[in-house]
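The opening position of the sequence shown corresponds to residue 5 in the working numbering, with each subsequent residue numbered one higher.
Comments concern the structure below.
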Amino acid sequence: MPAKHLNPSAGRPLSPGAVALMLMLCFSWGFNQIAVKLALPDIPPILQATIRSAAALPVLLIIGWWRGVRFFERDGTLAAGLFAGVLFGFEFVLIFRGLLLTSASRAVVFLYAAPFFVALGSYQVLGERLRASQWAGLALSFFGVALAIGVPQADVDANVLLGDLMIVGGGALWAATTLIAKGTRLRFAAPEKALGYQVALSIPILGLAAWLSGETLTRVPGPLALSLMVYQAVWVVGTTFTLWFALVKTYSASKLSAFTFITPLFGVVASYFIMHDAVTMVFGAAALLVIAGLYLVNRPSNVVEARPVVSPAVAQGAVEAKTALKS
(Lines of atoms letter the chains of each structure in order from A and count residues from 1; the text may use other names and numbers.)
(Lines give C-alpha, C1' and ligand atoms only; values in the text may rest on other atoms or scores of the structure.)
Protein backbone atom coordinates (compact mmCIF):
# COMPACT_ATOMS: atom_id res chain seq x y z
CA MET A 1 0.00 0.00 0.00
CA PRO A 2 1.38 3.49 -0.79
CA ALA A 3 3.03 5.34 2.06
CA LYS A 4 0.55 8.21 1.81
CA HIS A 5 -2.12 6.01 3.45
CA LEU A 6 -0.02 5.08 6.47
CA ASN A 7 0.10 8.37 8.37
CA PRO A 8 -2.73 8.78 10.93
CA SER A 9 -1.58 12.29 11.97
CA ALA A 10 -1.42 13.85 8.50
CA GLY A 11 -4.51 16.00 8.96
CA ARG A 12 -4.33 16.47 12.73
CA PRO A 13 -4.71 20.17 13.62
CA LEU A 14 -2.28 21.80 16.01
CA SER A 15 -3.53 22.05 19.58
CA PRO A 16 -3.17 25.36 21.51
CA GLY A 17 -0.37 23.75 23.52
CA ALA A 18 1.48 22.75 20.35
CA VAL A 19 1.11 26.27 18.96
CA ALA A 20 2.48 27.80 22.18
CA LEU A 21 5.38 25.32 22.19
CA MET A 22 6.20 26.10 18.55
CA LEU A 23 6.26 29.83 19.33
CA MET A 24 8.74 29.17 22.13
CA LEU A 25 10.91 27.03 19.84
CA CYS A 26 10.89 29.68 17.11
CA PHE A 27 11.85 32.37 19.60
CA SER A 28 14.75 30.24 20.86
CA TRP A 29 15.94 29.50 17.31
CA GLY A 30 15.67 33.18 16.35
CA PHE A 31 17.93 34.19 19.24
CA ASN A 32 20.29 31.34 18.37
CA GLN A 33 21.39 33.20 15.23
CA ILE A 34 22.45 36.11 17.43
CA ALA A 35 24.22 33.74 19.83
CA VAL A 36 26.27 32.37 16.93
CA LYS A 37 27.24 35.87 15.79
CA LEU A 38 28.20 37.02 19.29
CA ALA A 39 30.47 33.98 19.74
CA LEU A 40 32.20 34.32 16.35
CA PRO A 41 35.08 36.53 17.57
CA ASP A 42 36.21 33.69 19.85
CA ILE A 43 34.96 30.56 18.05
CA PRO A 44 34.73 30.05 14.23
CA PRO A 45 31.32 28.98 12.85
CA ILE A 46 31.75 25.30 11.92
CA LEU A 47 33.83 24.75 15.04
CA GLN A 48 30.92 26.23 16.97
CA ALA A 49 28.61 23.66 15.42
CA THR A 50 31.06 20.86 16.26
CA ILE A 51 31.39 21.90 19.90
CA ARG A 52 27.62 22.37 20.11
CA SER A 53 26.91 18.81 18.96
CA ALA A 54 29.65 17.32 21.15
CA ALA A 55 28.28 19.09 24.23
CA ALA A 56 24.64 18.36 23.38
CA LEU A 57 25.08 14.58 23.04
CA PRO A 58 25.68 13.97 26.79
CA VAL A 59 22.64 16.16 27.54
CA LEU A 60 20.48 13.96 25.30
CA LEU A 61 21.86 10.80 26.87
CA ILE A 62 21.17 12.07 30.39
CA ILE A 63 17.62 13.17 29.55
CA GLY A 64 16.96 9.88 27.79
CA TRP A 65 18.39 7.86 30.68
CA TRP A 66 16.18 9.77 33.11
CA ARG A 67 13.12 9.03 30.94
CA GLY A 68 14.06 5.37 30.54
CA VAL A 69 14.92 5.54 26.84
CA ARG A 70 16.70 2.44 25.54
CA PHE A 71 19.18 3.99 23.17
CA PHE A 72 20.84 0.74 22.09
CA GLU A 73 17.75 -1.44 21.79
CA ARG A 74 17.23 -3.03 18.38
CA ASP A 75 14.01 -1.46 17.15
CA GLY A 76 14.52 -1.23 13.39
CA THR A 77 15.49 2.46 13.47
CA LEU A 78 19.23 2.10 12.84
CA ALA A 79 19.22 2.58 9.07
CA ALA A 80 16.87 5.58 9.14
CA GLY A 81 18.71 7.06 12.12
CA LEU A 82 22.11 6.82 10.45
CA PHE A 83 20.75 8.33 7.23
CA ALA A 84 19.15 11.20 9.14
CA GLY A 85 22.39 11.72 11.05
CA VAL A 86 24.44 12.08 7.88
CA LEU A 87 21.94 14.58 6.47
CA PHE A 88 21.91 16.48 9.78
CA GLY A 89 25.69 16.83 9.74
CA PHE A 90 25.93 18.00 6.14
CA GLU A 91 22.99 20.36 6.71
CA PHE A 92 25.05 22.46 9.11
CA VAL A 93 28.16 22.19 6.97
CA LEU A 94 26.26 23.76 4.07
CA ILE A 95 24.64 26.41 6.25
CA PHE A 96 27.81 27.57 7.98
CA ARG A 97 29.93 27.42 4.85
CA GLY A 98 27.24 29.27 2.94
CA LEU A 99 27.26 32.01 5.56
CA LEU A 100 30.85 32.75 4.63
CA LEU A 101 29.80 33.56 1.05
CA THR A 102 26.39 35.20 1.36
CA SER A 103 24.92 37.73 3.76
CA ALA A 104 23.07 36.71 6.89
CA SER A 105 19.90 38.42 5.68
CA ARG A 106 19.82 36.42 2.43
CA ALA A 107 20.79 33.25 4.27
CA VAL A 108 17.91 33.39 6.72
CA VAL A 109 15.39 33.80 3.90
CA PHE A 110 16.76 30.92 1.83
CA LEU A 111 17.10 28.65 4.89
CA TYR A 112 13.44 29.10 5.70
CA ALA A 113 12.49 27.78 2.31
CA ALA A 114 12.57 24.46 4.18
CA PRO A 115 8.77 24.41 4.73
CA PHE A 116 8.30 24.30 0.96
CA PHE A 117 10.48 21.20 0.75
CA VAL A 118 8.56 19.66 3.66
CA ALA A 119 5.24 20.42 1.98
CA LEU A 120 6.41 18.90 -1.31
CA GLY A 121 7.77 15.79 0.36
CA SER A 122 4.84 15.39 2.73
CA TYR A 123 2.40 14.63 -0.09
CA GLN A 124 4.51 11.78 -1.47
CA VAL A 125 5.89 10.42 1.82
CA LEU A 126 3.39 11.29 4.54
CA GLY A 127 0.08 11.78 2.79
CA GLU A 128 -0.22 15.40 3.96
CA ARG A 129 -1.85 16.86 0.88
CA LEU A 130 -2.09 20.65 1.14
CA ARG A 131 -5.10 22.63 -0.03
CA ALA A 132 -4.71 25.61 -2.36
CA SER A 133 -5.26 27.98 0.57
CA GLN A 134 -2.44 26.29 2.50
CA TRP A 135 -0.04 26.68 -0.43
CA ALA A 136 -1.09 30.34 -0.58
CA GLY A 137 -0.39 30.63 3.14
CA LEU A 138 3.12 29.22 2.72
CA ALA A 139 3.79 31.67 -0.10
CA LEU A 140 2.40 34.58 1.94
CA SER A 141 4.55 33.72 4.96
CA PHE A 142 7.68 33.36 2.85
CA PHE A 143 7.01 36.73 1.22
CA GLY A 144 6.58 38.22 4.69
CA VAL A 145 9.97 36.88 5.79
CA ALA A 146 11.61 38.22 2.63
CA LEU A 147 10.02 41.61 3.22
CA ALA A 148 11.18 41.69 6.85
CA ILE A 149 14.76 40.83 6.01
CA GLY A 150 14.85 43.23 3.05
CA VAL A 151 15.65 41.08 0.03
CA PRO A 152 16.42 41.14 -2.83
CA GLN A 153 19.74 42.93 -2.57
CA ALA A 154 21.42 44.77 -5.40
CA ASP A 155 25.03 43.60 -5.14
CA VAL A 156 25.05 39.87 -5.91
CA ASP A 157 27.98 38.07 -7.54
CA ALA A 158 28.77 34.43 -8.29
CA ASN A 159 30.12 33.77 -4.79
CA VAL A 160 26.97 35.14 -3.20
CA LEU A 161 24.81 32.97 -5.47
CA LEU A 162 26.89 29.93 -4.53
CA GLY A 163 26.36 30.76 -0.87
CA ASP A 164 22.63 31.13 -1.51
CA LEU A 165 22.52 27.68 -3.12
CA MET A 166 24.38 26.17 -0.16
CA ILE A 167 21.86 27.68 2.25
CA VAL A 168 18.97 26.36 0.15
CA GLY A 169 20.66 22.96 0.23
CA GLY A 170 20.87 23.18 4.02
CA GLY A 171 17.16 23.98 4.16
CA ALA A 172 16.41 21.01 1.91
CA LEU A 173 18.40 18.70 4.20
CA TRP A 174 16.57 20.10 7.22
CA ALA A 175 13.30 19.24 5.49
CA ALA A 176 14.62 15.76 4.62
CA THR A 177 15.46 14.95 8.26
CA THR A 178 11.96 16.08 9.25
CA LEU A 179 10.41 13.76 6.67
CA ILE A 180 12.63 10.85 7.70
CA ALA A 181 11.72 11.33 11.36
CA LYS A 182 8.04 11.35 10.42
CA GLY A 183 7.86 8.80 7.61
CA THR A 184 10.08 5.93 8.78
CA ARG A 185 10.27 3.65 11.81
CA LEU A 186 12.19 6.47 13.45
CA ARG A 187 8.78 7.93 14.33
CA PHE A 188 8.33 5.04 16.80
CA ALA A 189 11.58 5.88 18.64
CA ALA A 190 11.79 8.27 21.57
CA PRO A 191 12.65 11.85 20.52
CA GLU A 192 15.96 11.62 22.39
CA LYS A 193 16.97 8.55 20.40
CA ALA A 194 15.82 10.02 17.07
CA LEU A 195 17.84 13.17 17.70
CA GLY A 196 20.73 11.22 19.25
CA TYR A 197 21.45 9.53 15.91
CA GLN A 198 21.74 12.91 14.24
CA VAL A 199 23.79 14.69 16.88
CA ALA A 200 26.22 11.78 17.28
CA LEU A 201 26.89 11.45 13.55
CA SER A 202 27.16 15.22 13.07
CA ILE A 203 30.17 15.42 15.41
CA PRO A 204 32.71 13.69 13.10
CA ILE A 205 31.17 15.28 9.98
CA LEU A 206 31.35 18.82 11.41
CA GLY A 207 34.76 18.18 12.98
CA LEU A 208 36.18 17.07 9.63
CA ALA A 209 34.62 20.07 7.89
CA ALA A 210 36.11 22.43 10.48
CA TRP A 211 39.54 20.82 10.03
CA LEU A 212 39.35 21.02 6.23
CA SER A 213 38.30 24.67 6.53
CA GLY A 214 41.31 25.42 8.71
CA GLU A 215 39.23 26.60 11.65
CA THR A 216 41.08 26.73 14.98
CA LEU A 217 40.81 28.47 18.32
CA THR A 218 43.30 31.33 18.37
CA ARG A 219 42.61 32.16 22.02
CA VAL A 220 40.75 30.88 25.05
CA PRO A 221 37.06 31.77 24.62
CA GLY A 222 35.75 34.39 27.02
CA PRO A 223 32.84 34.01 29.45
CA LEU A 224 30.31 35.39 26.94
CA ALA A 225 31.31 32.95 24.21
CA LEU A 226 31.31 30.01 26.62
CA SER A 227 27.88 30.91 28.00
CA LEU A 228 26.52 31.22 24.47
CA MET A 229 27.90 27.78 23.60
CA VAL A 230 26.16 26.35 26.67
CA TYR A 231 22.94 27.97 25.46
CA GLN A 232 23.35 26.46 22.00
CA ALA A 233 24.29 22.99 23.23
CA VAL A 234 22.06 22.48 26.27
CA TRP A 235 19.00 24.49 25.32
CA VAL A 236 18.89 24.72 21.52
CA VAL A 237 20.17 21.28 20.51
CA GLY A 238 19.64 19.25 23.67
CA THR A 239 16.18 20.60 24.53
CA THR A 240 14.42 22.47 21.70
CA PHE A 241 15.48 20.04 18.97
CA THR A 242 14.17 17.17 21.11
CA LEU A 243 10.86 18.97 21.57
CA TRP A 244 10.73 19.59 17.81
CA PHE A 245 11.07 15.90 16.98
CA ALA A 246 8.47 15.04 19.62
CA LEU A 247 6.04 17.42 17.91
CA VAL A 248 6.90 16.06 14.46
CA LYS A 249 5.93 12.58 15.63
CA THR A 250 2.50 13.78 16.75
CA TYR A 251 1.37 16.54 14.40
CA SER A 252 1.38 17.41 10.72
CA ALA A 253 4.98 17.96 9.58
CA SER A 254 4.00 20.53 6.96
CA LYS A 255 1.95 22.59 9.40
CA LEU A 256 4.66 22.50 12.06
CA SER A 257 7.29 23.43 9.50
CA ALA A 258 5.22 26.42 8.41
CA PHE A 259 5.62 27.88 11.90
CA THR A 260 9.38 28.12 11.39
CA PHE A 261 8.70 31.18 9.23
CA ILE A 262 8.30 33.08 12.51
CA THR A 263 11.88 32.32 13.56
CA PRO A 264 13.66 35.02 11.51
CA LEU A 265 11.04 37.55 12.62
CA PHE A 266 11.87 36.77 16.24
CA GLY A 267 15.50 37.11 15.24
CA VAL A 268 14.89 40.60 13.90
CA VAL A 269 13.17 41.65 17.13
CA ALA A 270 15.98 40.18 19.23
CA SER A 271 18.53 41.95 17.03
CA TYR A 272 16.77 45.26 17.74
CA PHE A 273 17.11 44.87 21.51
CA ILE A 274 20.48 43.10 21.65
CA MET A 275 22.36 44.20 18.52
CA HIS A 276 20.55 47.58 18.30
CA ASP A 277 19.49 46.97 14.70
CA ALA A 278 16.84 49.30 13.31
CA VAL A 279 13.27 47.99 12.95
CA THR A 280 11.03 49.81 10.45
CA MET A 281 7.35 49.85 9.58
CA VAL A 282 8.15 47.22 6.96
CA PHE A 283 8.69 44.75 9.77
CA GLY A 284 5.16 45.32 11.07
CA ALA A 285 3.70 44.66 7.63
CA ALA A 286 5.88 41.57 7.25
CA ALA A 287 4.74 40.22 10.60
CA LEU A 288 1.10 40.58 9.52
CA LEU A 289 1.86 38.68 6.32
CA VAL A 290 3.49 35.85 8.25
CA ILE A 291 0.60 35.62 10.71
CA ALA A 292 -1.94 35.64 7.87
CA GLY A 293 0.00 32.91 6.06
CA LEU A 294 0.15 30.73 9.17
CA TYR A 295 -3.59 31.15 9.64
CA LEU A 296 -4.21 29.91 6.10
CA VAL A 297 -1.89 26.92 6.60
CA ASN A 298 -3.47 25.88 9.91
CA ARG A 299 -7.11 26.78 9.22
CA PRO A 300 -9.26 23.63 9.60
CA SER A 301 -10.82 22.34 6.43
CA ASN A 302 -14.60 22.50 6.07
CA VAL A 303 -14.52 19.44 3.84
CA VAL A 304 -14.63 16.06 5.53
CA GLU A 305 -12.16 13.82 3.74
CA ALA A 306 -12.99 10.18 3.20
CA ARG A 307 -10.85 7.83 5.20
CA PRO A 308 -8.92 5.33 3.10
CA VAL A 309 -9.46 1.65 3.65
CA VAL A 310 -6.52 0.18 5.49
CA SER A 311 -5.44 -3.40 5.94
CA PRO A 312 -5.24 -5.09 9.38
CA ALA A 313 -1.43 -4.79 9.22
CA VAL A 314 -1.62 -1.04 8.70
CA ALA A 315 -4.17 -0.70 11.51
CA GLN A 316 -1.85 -2.63 13.82
CA GLY A 317 0.99 -0.30 12.84
CA ALA A 318 -1.10 2.70 13.85
CA VAL A 319 -1.78 1.11 17.24
CA GLU A 320 1.94 0.51 17.71
CA ALA A 321 2.68 4.10 16.83
CA LYS A 322 0.19 5.42 19.41
CA THR A 323 1.64 3.11 22.04
CA ALA A 324 5.18 4.30 21.24
CA LEU A 325 4.18 7.94 21.51
CA LYS A 326 2.58 7.41 24.92
CA SER A 327 5.61 5.62 26.32
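Using N, Cα and C, we set each Cβ at its ideal position, and we do this for glycine too.
Computed from a prediction, not measured in an experiment: that's the story for all the values here.
| query | result |
| --- | --- |
| Cutting at 6 Å between CB atoms, please list the residues of its own chain near residue 67, excluding the five before and the five after it. | 196 |
| With a 10 Å radius around its C-beta and 16 neighbouring C-beta atoms as the bar for buried, classify residue 119 as buried or exposed. | buried |
| Do residue 246 and residue 91 have their beta-carbon atoms positioned less than 8 Å apart in this structure? | no |
| Output the boundary residues of the alpha helix (DSSP H) element that contains residue 95. | 82-103 |
| Hey, how far is the Cα of residue 186 from the Cα of residue 298? | 21 Å |
| Please report how far the alpha carbon of residue 139 lies from the alpha carbon of residue 261, in whole angstroms. | 13 Å |
| Going residue by residue through the stretch 30-69, where are the continuous alpha helix (DSSP H) segments of at least 4 residues, counting only ones entirely within it? | none |
| Does the Cβ of residue 212 lie closer than 7 Å to at least one heavy atom of the ligand COA? | Among the components of this structure there are no ligands whatsoever, and the ligand COA is therefore not found. |
| Measure the C-alpha to C-alpha separation of residue 279 and residue 39 and round it to an integer number of angstroms. | 11 Å |
| Work out the CA separation of residue 41 and residue 112 for me, nearest whole Å. | 13 Å |
| Return the Cβ separation of residue 93 and residue 209 in integer angstroms, given the expectation that the two are a contact with Cβ distance under 8 Å. | 3 Å |
| For the stretch 232-246 and the stretch 99-107, state whether three or more C-beta atom pairs, one from each stretch, are separated by less than 8 Å. | no |
| Where do the ends of the alpha helix (DSSP H) carrying residue 79 lie? | No alpha helix (DSSP H) contains residue 79, which DSSP labels as neither H nor E. |
| Taking 6 Å as the limit between beta carbons, can you name the residues of its chain near residue 137, skipping five residues before and five after? | 300 |
| Quick test of your reading: residue 54 and residue 214, contact by CB under 8 Å. State the CB separation rounded to the nearest angstrom. | 5 Å |
| Are the CB atoms of residue 46 and residue 223 nearer to each other than 8 Å? | yes |
| Determine the closest residue to residue 166 out of 60, 258 and 104, with distance taken between C-alpha atoms. | 104 |
| Take the Cβ of residue 19 as the centre, count every other Cβ of all protein chains shown within 10 Å, and call the residue buried at 16 or more, exposed below. | exposed |
| Leaving out the 5 sequence neighbours to the left and right, which residues in its chain are closer than 7 Å to residue 296 when beta-carbon positions are compared? | 144 |
| For residue 23, does the three-state DSSP call read helix, strand or coil? | helix |
| Quick one: residues in its chain with C-beta nearer than 6 Å to the C-beta of residue 106, no 5 flanking neighbours on either side, listed in chain order? | 164, 167 and 168 |
| Beta-carbon within less than 6 Å of residue 81's beta-carbon, same chain only, minus the 5 sequence neighbours each way: which residues are those? | 189, 190 and 193 |
| Beta-carbon within less than 6 Å of residue 198's beta-carbon, same chain only, minus the 5 sequence neighbours each way: which residues are those? | 185, 190 and 249 |
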